[in-house]
Amino acid sequence: MTAETFRPGVFVDAVRFVGDNPHLILDKTLEHLQLSLIAIVISLVIALPVGVILGHLHRGSFLAINLGNVGRALPSLAVIAFGLAIFGIGHANVIFALVVLAVPPIVTNAYVAVDGVEPDAVEAARGMGMSPAQMLQRVEIPLALPLIFAGIRTASLYVVATATLAGIVGGGGLGDIIVNQASYRLAGVVGAALCVSGLAFLVDALLAAAQRAVTPPGLRGRVPSFEPDSVTRAAG
Amino acid sequence: MTSEPVIPDFGQGSDCVREDRFFCWDWTQQHWDDTFQPALVEHIELTLIAVSIGFVISFALALLAYRVRRFDAPIGALSGFLYTIPSLALFQLLVPVTGLTVTTVEVALVSYTMLVLFRNILEGLRAAPPDVREAARAMGLSPRQSFLRVELPLALPAILAGLRIATVMTISLATVGAFVVPEGLGAPIFSGLREFFQTKFVVAGALAVALALVADALLVLVGRALTPWAHARRPA
Amino acid sequence: MKMVNRLVELDEGDVLLDDRSVRTLDETQLRRSVGYVIQQVGLFPHMTVGDNVAVVPRLLQWPKARIAGRVDELLQLMGLEPAEFRDRYPSQLSGGQRQRVGIARALAGDPGVLLMDEPFGALDPITRTRLQGEFLRLQDAVRKTVLFVTHDIDEAVRVGDRIAILREGGELVQYDTPNAILSHPADDFVAQLVGADRGLKLLALHRVDEVELEPVSLAGEDDPRVDASATLRDALSLMLTEAATHCVVTNGTRPLGTLSLDRIAELLAPR
Numbered sequence: 161m162t163a164e165t166f167r168p169g170v171f172v173d174a175v176r177f178v179g180d181n182p183h184l185i186l187d188k189t190l191e192h193l194q195l196s197l198i199a200i201v202i203s204l205v206i207a208l209p210v211g212v213i214l215g216h217l218h219r220g221s222f223l224a225i226n227l228g229n230v231g232r233a234l235p236s237l238a239v240i241a242f243g244l245a246i247f248g249i250g251h252a253n254v255i256f257a258l259v260v261l262a263v264p265p266i267v268t269n270a271y272v273a274v275d276g277v278e279p280d281a282v283e284a285a286r287g288m289g290m291s292p293a294q295m296l297q298r299v300e301i302p303l304a305l306p307l308i309f310a311g312i313r314t315a316s317l318y319v320v321a322t323a324t325l326a327g328i329v330g331g332g333g334l335g336d337i338i339v340n341q342a343s344y345r346l347a348g349v350v351g352a353a354l355c356v357s358g359l360a361f362l363v364d365a366l367l368a369a370a371q372r373a374v375t376p377p378g379l380r381g382r383v384p385s386f387e388p389d390s391v392t393r394a395a396g
Numbered sequence: 006m007t008s009e010p011v012i013p014d015f016g017q018g019s020d021c022v023r024e025d026r027f028f029c030w031d032w033t034q035q036h037w038d039d040t041f042q043p044a045l046v047e048h049i050e051l052t053l054i055a056v057s058i059g060f061v062i063s064f065a066l067a068l069l070a071y072r073v074r075r076f077d078a079p080i081g082a083l084s085g086f087l088y089t090i091p092s093l094a095l096f097q098l099l100v101p102v103t104g105l106t107v108t109t110v111e112v113a114l115v116s117y118t119m120l121v122l123f124r125n126i127l128e129g130l131r132a133a134p135p136d137v138r139e140a141a142r143a144m145g146l147s148p149r150q151s152f153l154r155v156e157l158p159l160a161l162p163a164i165l166a167g168l169r170i171a172t173v174m175t176i177s178l179a180t181v182g183a184f185v186v187p188e189g190l191g192a193p194i195f196s197g198l199r200e201f202f203q204t205k206f207v208v209a210g211a212l213a214v215a216l217a218l219v220a221d222a223l224l225v226l227v228g229r230a231l232t233p234w235a236h237a238r239r240p241a
Numbered sequence: 010m011k012m013v014n015r016l017v018e019l020d021e022g023d024v025l026l027d028d029r030s031v032r033t034l035d036e037t038q039l040r041r042s043v044g045y046v047i048q049q050v051g052l053f054p055h056m057t058v059g060d061n062v063a064v065v066p067r068l069l070q071w072p073k074a075r076i077a078g079r080v081d082e083l084l085q086l087m088g089l090e091p092a093e094f095r096d097r098y099p100s101q102l103s104g105g106q107r108q109r110v111g112i113a114r115a116l117a118g119d120p121g122v123l124l125m126d127e128p129f130g131a132l133d134p135i136t137r138t139r140l141q142g143e144f145l146r147l148q149d150a151v152r153k154t155v156l157f158v159t160h161d162i163d164e165a166v167r168v169g170d171r172i173a174i175l176r177e178g179g180e181l182v183q184y185d186t187p188n189a190i191l192s193h194p195a196d197d198f199v200a201q202l203v204g205a206d207r208g209l210k211l212l213a214l215h216r217v218d219e220v221e222l223e224p225v226s227l228a229g230e231d232d233p234r235v236d237a238s239a240t241l242r243d244a245l246s247l248m249l250t251e252a253a254t255h256c257v258v259t260n261g262t263r264p265l266g267t268l269s270l271d272r273i274a275e276l277l278a279p280r
């Protein structure tokens, strides 16, 4: 790879690049978003029930918590490479890798959230004669929402940023531009990177809105603004 | 790492290599010394250097923020933004500044570790409960003594948690760093991907995962040893 | 109270410790010579019980052997078996045990003065009563000057040699022995503070054998017996519940004299 000389103007060039190539950027961004969203949805479907139910039963803490630790430790590039080895080139391998990376934080947070719901509230619910399903639906989940969402938001940020690596294995998305400095120049790379960043903010804002919508009025208090907790890893 | 071509092996290579199966034990054994071991060692070096430097700088900054309140918010906002910039792009962005050298990779890695460590160290320093601080002051501990004997030890759990996260994060990011400079375990991963030779990137990826998990476990043990009070069980 | 060890600085006036103004003393040195116990205890969570107690002696740079001995001595004094408790962490102790360690820690440097800020406020009533009793026994053994802050008038009456009553705003309203405060409250505020039952509180301060008793013969066969170590208040309560006008004060099985309701009333009537 040849090294271009650094000019602060590269950021301006990056913005210009985005302006000059709307179709390319839009195409790639949508593809990126699609990859991310599919991975997030699949992860939610797998991880949320597991985390919530284990938390409700107050069992499997060793599994739930260590799953989070192990998941956090997995080098994302390695997982993407494994995905390629298993699925070959295409979207499936990227989505597989992203799901593997996203499931652990969601499970861990969901588990900790539901497990940690005020015991008094849970006990009162049981005392009132609620069935387990009702307890979950009316008491435990609403109270656990902030922390559950924190896990979802963390995982989503991570997915959007890591989806960039798809470009390395020909999986599409904005990563295609970022690995191709030869064709798109540094300006293109930076431009695409800024788009990834913007996409991440967008996804987080959507999730924040979803969180606000789903949280019961009495608990609304403060929905934290975009702020990765120390559990978030930077884009792999 | 040597640049000995792999594909010419095909003429003399085993069936496994020719068919590009998932994992070729013979090839791995053959090339352990020239491909995998050096990469592993480089990777460990990269990680240790980045985390050490990042820790020192973060500690200094956190100490400053601890004493002078105003630092906190701007750094928080900055790190929020930096998290979402894909590391692939950041590495490339730094190349014109620091060249196609390991320094580039290290600068990026150090920056990412600081994002985690600064926050964790600062939170750790703030962790001492008010009544403990009051007792320390009232007993006649000078400010320096109070810091060294009370506040700092009580900050250890958070600091160690941050170190743990920063280390596995760095191991992961360092693999991506090989995109610009072929050092560390990322190098065989990228070259393996380029050459469509699965064994290479599968083994390198597995090594990266193993390294991360071992590092994580080690830091947990170190943490347990340094903070005995956090694990004390209530006697029967 | 925090002005005594300068956790709060003095704007006006002065605090004299051994006739020296605290303003002239070095802050840190001052605090090492004054013991301080607070409601939430503030034990250092990362240090064992033994290390917690040893903090001030270490600051004063006592020799190691002396420190170790002192730690064990104080733990023993507070009713905590040293071998069992020395190496435990605060998180492994109950609330009452923690406060006992807190007191031991405050006494470790052998201070002349002990400051105690509602030390038993965070404990359940049973533990609180027990620790009050232990504190009294401790005082008998150790004889320190203690500044004890409390909102509980009963605690003050039980524990204090002298009580300073401060009105909201910090104005000193009365400073006297519990006996004097209960029998002659300085104003309505104090009277209300000590409660409408101050007569009974006063009775609780005195044992039956402190009073001049009447001859045993005055009591009847059925009259209740009360031990010499009981308080006048207990005797009163006993007589009322047994519907008797007299009771016999005994020491073991030996009768010492008779105490009557009239006599008790006489004691309370203004002199």
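Keeping their order, the protein sequence lines are chains A, B and C. Under our numbering, the first residue of the first sequence carries the number 161, and numbering increases by one thereafter. Under our numbering, the first residue of the second sequence carries the number 6, and numbering increases by one thereafter. Under our numbering, the first residue of the third sequence carries the number 10, and numbering increases by one thereafter. Even glycine gets a Cβ: it sits at the ideal position worked out from N, Cα and C.
* 7 Å CB neighbourhood of F27 of chain B in its chain, flanking five on each side removed -> Position 22 of the second sequence, counting from 1, holds the residue named residue 27 of chain B. Within the same chain, Q203 and V207 come within 7 Å of F27 of chain B by CB-CB distance, once the 5 residues on both sides are set aside.
* Identify the contact partners of L140 of chain C in chain B, using a Cβ-Cβ distance below 8 Å as the criterion. => Position 131 of the third sequence, counted from the first residue, corresponds to residue 140 of chain C. Neighbours of L140 of chain C on chain B: none; closest Cβ ~18 Å, over 8 Å.
* To do: Would you identify the three-state DSSP class for V391 of chain A, choosing helix, strand or coil?
  => Counting from 1 along the first sequence, the entry for residue 391 of chain A is found at position 231. Low confidence applies here, because V391 of chain A scores a pLDDT of 35, under 50, leaving its location unreliable; read the following figure in that light. Here V391 of chain A sits in coil by DSSP.
* **C-beta neighbour in chain B for T154 of chain C, strict 8 Å** => Here the question's residue 154 of chain C lines up with position 145 in the third sequence. No, T154 of chain C lies away from the interface with chain B (no Cβ there is under 8 Å from its Cβ).
* Asked: Can you find a CB in chain A that lies within less than 8 Å of the CB of S177 of chain B?
  -> Position 172 of the second sequence, counted from the start, is the residue given in the question as residue 177 of chain B. Yes, because at least one Cβ of chain A sits closer than 8 Å to the Cβ of S177 of chain B.
* Since V110 of chain B meets chain A, which of its residues come closer than 7 Å, beta carbon to beta carbon? -> Here residue 110 of chain B corresponds to residue number 105 of the second sequence, with the count starting at 1. Per Cβ cutoff of 7 Å: no residues; V110 of chain B is ~13 Å from chain A at best.
* To do: Starting from V24 of chain C, find everything on chain B with Cβ-Cβ shorter than 8 Å and list it in chain order.
  => Residue numbering aside, residue 24 of chain C sits at position 15 when the third sequence is read from its first letter. What V24 of chain C touches in chain B, judged by beta-carbon distance under 8 Å, is nothing: the nearest beta carbon there is about 15 Å away.
* **Continuous alpha helix (DSSP H) stretch holding M289 of chain B: start and end** => The displayed coordinates of chain B run from 6 to 241. Any statement about residue 289 of chain B would go beyond what the structure contains.
* Asked: When DSSP builds the beta bridges, which residues end up paired with R234 of chain C?
  -> As a working mapping, residue 234 of chain C is identified with position 225 in the third sequence. As DSSP reads the structure, R234 of chain C sits in a beta bridge with C:V257.
* Asked: How would you label Q70 of chain C, buried or exposed, when you count the other beta carbons within 10 angstroms and need 16 or more for buried?
  -> Mapped onto the third sequence, residue 70 of chain C falls at position 61. A residue is called buried when at least 16 other Cβ atoms come within 10 angstroms of its Cβ; Q70 of chain C does not meet this threshold and is exposed.
* Asked: What whole-angstrom Cβ distance do M119 of chain B and S63 of chain B have, given they're in contact under 8 Å?
  -> Position 114 of the second sequence holds residue 119 of chain B. Position 58 of the second sequence holds residue 63 of chain B. That belief holds up - the Cβ atoms of M119 of chain B and S63 of chain B are roughly 5 Å apart, short of 8 Å.
* Output the residue ranges of the alpha helix (DSSP H) runs that lie fully inside the region 59-134 of chain C and measure 4 residues or longer, sorted by chain position. => Listed in chain order, they are 64-68, 73-86, 91-94 and 104-116.
* Between the region 222-231 of chain C and the region 265-278 of chain C, are three or more C-beta pairs nearer than 8 Å? -> Yes, the region 222-231 of chain C is in contact with the region 265-278 of chain C.
* Asked: Which residues in the same chain as P388 of chain A place their Cβ atom closer than 8 Å to its Cβ, once the five residues preceding and following it in sequence are excluded?
  -> For the purposes of this step, residue 388 of chain A is taken as the residue at position 228 of the first sequence. At P388 of chain A, the pLDDT of 42 sits below 50, so the modelled position is not reliable; the number obtained from the coordinates is stated separately. Here the set comprises T314 and L317.
* **Below-8 Å beta-carbon distance, V158 of chain C vs any chain B residue** => The sequence position of residue 158 of chain C within the third sequence is 149, counting from 1. For V158 of chain C, the answer is no, since every Cβ of chain B falls outside 8 Å of its Cβ.
* To do: Could you check how far apart the C-beta atoms of V181 of chain B and L93 of chain B are, in whole angstroms? I think they sit under 8 Å.
  => Position 176 of the second sequence, counting from 1, holds the residue named residue 181 of chain B. Position 88 of the second sequence, counting from 1, holds the residue named residue 93 of chain B. In this structure V181 of chain B is in contact with L93 of chain B, their Cβ atoms being roughly 6 Å apart against a cut-off of 8 Å.
* Please name the residue, chosen from C:A77, C:M87, C:D133 and C:N260, that lies closest to S219 of chain C on a Cα-to-Cα basis. => Counted from its first residue, the third sequence places residue 219 of chain C at position 210. A quick correction: the sequence has Glu, not Ser, at residue 219 of chain C. Among C:A77, C:M87, C:D133 and C:N260, the Cα nearest to that of E219 of chain C belongs to C:N260.
* Asked: Which runs of the beta strand (DSSP E) spanning at least 3 residues fall entirely within the region 141-189 of chain C, listed in chain order?
  -> Listed in chain order, they are 154-158, 172-176 and 180-185.
* **Cα-Cα separation between A179 of chain B and V225 of chain B, rounded to whole angstroms** => For this step, residue 179 of chain B is matched to residue 174 along the second sequence. For this step, residue 225 of chain B is matched to residue 220 along the second sequence. Rounded to the nearest angstrom, the gap between the Cα atoms of A179 of chain B and V225 of chain B is 21 Å.
* Asked: Which stretch, first to last residue, makes up the beta strand (DSSP E) that contains G220 of chain A?
  -> Taking the first sequence and counting its residues from 1, one reaches residue 220 of chain A at position 60. Careful: G220 of chain A lies outside any beta strand (DSSP E) and carries neither H nor E.
* Checking contacts by CB at 8 Å: is A88 of chain C closer than that to chain B? -> Within the third sequence, numbered from 1, the residue matching residue 88 of chain C stands at position 79. A small fix is needed here, since residue 88 of chain C is Gly in this sequence, not Ala. It does not; no Cβ of chain B falls within 8 Å.
* Report the option in C:V182, C:A195 and C:M125 whose CA atom is closest to the CA atom of V158 of chain C. => As a working mapping, residue 158 of chain C is identified with position 149 in the third sequence. Closest in alpha carbon position to V158 of chain C, among C:V182, C:A195 and C:M125, is C:M125.
* Three-state class that DSSP yields for V282 of chain A in the structure shown -> Position 122 of the first sequence, counting from 1, holds the residue named residue 282 of chain A. Three-state result, V282 of chain A: helix.
* Beta-carbon contacts of R79 of chain C that lie in its chain and below 7 Å, excluding the five residues immediately before and after -> Counting from 1 along the third sequence, the entry for residue 79 of chain C is found at position 70. Cβ neighbours of R79 of chain C beyond the five flanking positions: P66 and A117.
* How many Å lie between P292 of chain A and V122 of chain C at the Cα? -> Reading the first sequence from its first residue, position 132 is the one you call residue 292 of chain A. Reading the third sequence from its first residue, position 113 is the one you call residue 122 of chain C. Cα-Cα distance, rounded: 58 Å.
* For V120 of chain C versus R107 of chain C, is the C-beta distance shorter than 8 Å? -> Here the question's residue 120 of chain C lines up with position 111 in the third sequence. Here the question's residue 107 of chain C lines up with position 98 in the third sequence. Rather than Val, the amino acid found at residue 120 of chain C in this sequence is Pro. No; because the gap between Cβ atoms is not below 8 Å, this pair is not in contact.
* What whole-angstrom Cβ distance do A323 of chain A and S196 of chain A have, given they're in contact under 8 Å? -> Within the first sequence, numbered from 1, the residue matching residue 323 of chain A stands at position 163. Within the first sequence, numbered from 1, the residue matching residue 196 of chain A stands at position 36. Indeed, because the Cβ distance is near 5 Å, the residues count as touching under 8 Å.
* To do: Please compile the residues from chain C whose C-beta is within a distance smaller than 9 Å of the C-beta of L159 of chain B.
  => On the second sequence, position 154 is the one that residue 159 of chain B refers to. Contact of L159 of chain B with chain C by beta-carbon distance below 9 Å involves F53, P54 and H55.
* Residue range of the unbroken alpha helix (DSSP H) whose run includes V17 of chain C -> Taking the first residue of the third sequence as position 1, residue 17 of chain C is located at position 8. Counting along the chain, V17 of chain C sits inside no alpha helix (DSSP H), nor does DSSP assign it H or E at all.
* Check whether the Cβ of V227 of chain B lies closer than 8 Å to any Cβ atom in chain C. => By one-based count along the second sequence, residue 227 of chain B stands at place 222. It does not; no Cβ of chain C falls within 8 Å.
* To do: Kindly give me the distance between the Cβ atoms of Y71 of chain B and L127 of chain B, rounded to whole angstroms, as I take these residues to be in contact under 8 Å.
  => In the second sequence, the residue the question calls residue 71 of chain B occupies position 66. In the second sequence, the residue the question calls residue 127 of chain B occupies position 122. Y71 of chain B to L127 of chain B, Cβ: 6 Å. Contact.
* To do: Could you check what DSSP says for S343 of chain A in three-state terms: helix, strand or coil?
  => Along the first sequence, read from residue 1 onward, the residue named residue 343 of chain A stands at position 183. Helix, per DSSP.
* **Cα-Cα separation between D23 of chain C and T240 of chain C, rounded to whole angstroms** => Numbered from its first residue, the third sequence carries residue 23 of chain C at position 14. Numbered from its first residue, the third sequence carries residue 240 of chain C at position 231. For D23 of chain C and T240 of chain C, the distance between alpha carbons rounds to 40 Å.
* Of the residues A:A370, A:L362 and A:L354, which one's Cα is nearest the Cα of A174 of chain A? -> Position 14 of the first sequence, counted from the first residue, corresponds to residue 174 of chain A. Looking from the CA of A174 of chain A, the closest CA among A:A370, A:L362 and A:L354 belongs to A:L354.
* Sufficient close CB pairs (3 or more, under 8 Å) joining the region 152-172 of chain B to the region 37-46 of chain C -> By the Cβ test, the region 152-172 of chain B is not in contact with the region 37-46 of chain C, since fewer than three Cβ pairs between them sit closer than 8 Å.
* Along chain C, in chain order, which residues have C-beta atoms closer than 8 Å to that of S147 of chain B? -> If you number the second sequence from 1, residue 147 of chain B lands on position 142. Those are T37, listed as they occur along chain C.
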